[in-house]
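First the structure, in the form of structure tokens, and then the observations on it.
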Amino acid sequence: MSYICPVCNGMQALEAECPVCTHQAYDCGRFDDYLGPYSPYREIDDIAMSNGFQDVRKHLCIHLCTCPDCHHNFTVQI
Ligand SMILES: [Zn+2]
Ligand SMILES: [Zn+2]
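Numbered per the working numbering, the sequence shown spans residues 8 to 85.
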């Protein structure tokens, strides 16, 4: 059983609303990519164990979003 994130694969645009000011927020990519300089090279199960979201086990892709208006950063589970 495999999960393919439609946003990462360009099949769907991420539509997220800023929880602070309700403006349309931008997708900044996968949250895992922001964990540290070595994270892209680590095994995906190792990342899932360490980032607290357990995204692999739940078959979710965590995206980091930023609001262009108030610069609030938040995560969205796809
Ligand atoms: Zn994704
Ligand atoms: Zn905002």
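For each residue, glycine too, the CB sits at the ideal point set by N, CA and C.
Bear in mind that the values here come from a model prediction, so they are computed numbers and not experimental data.
| Check | Outcome |
| --- | --- |
| Beta-bridge partners of Y10, as assigned by DSSP | Y10 pairs with nothing; no bridge assigned. |
| Beta-ladder partner(s) of H78, from DSSP | DSSP output for H78 lists no bridge partner at all. |
| Cβ-Cβ distance between A20 and C72 below 8 Å | no |
| C-beta contact flag for H70 and V14 at 8 Å | yes |
| Strand pairing of Q19, partner residues [DSSP] | Per DSSP, none; premise fails for Q19. |
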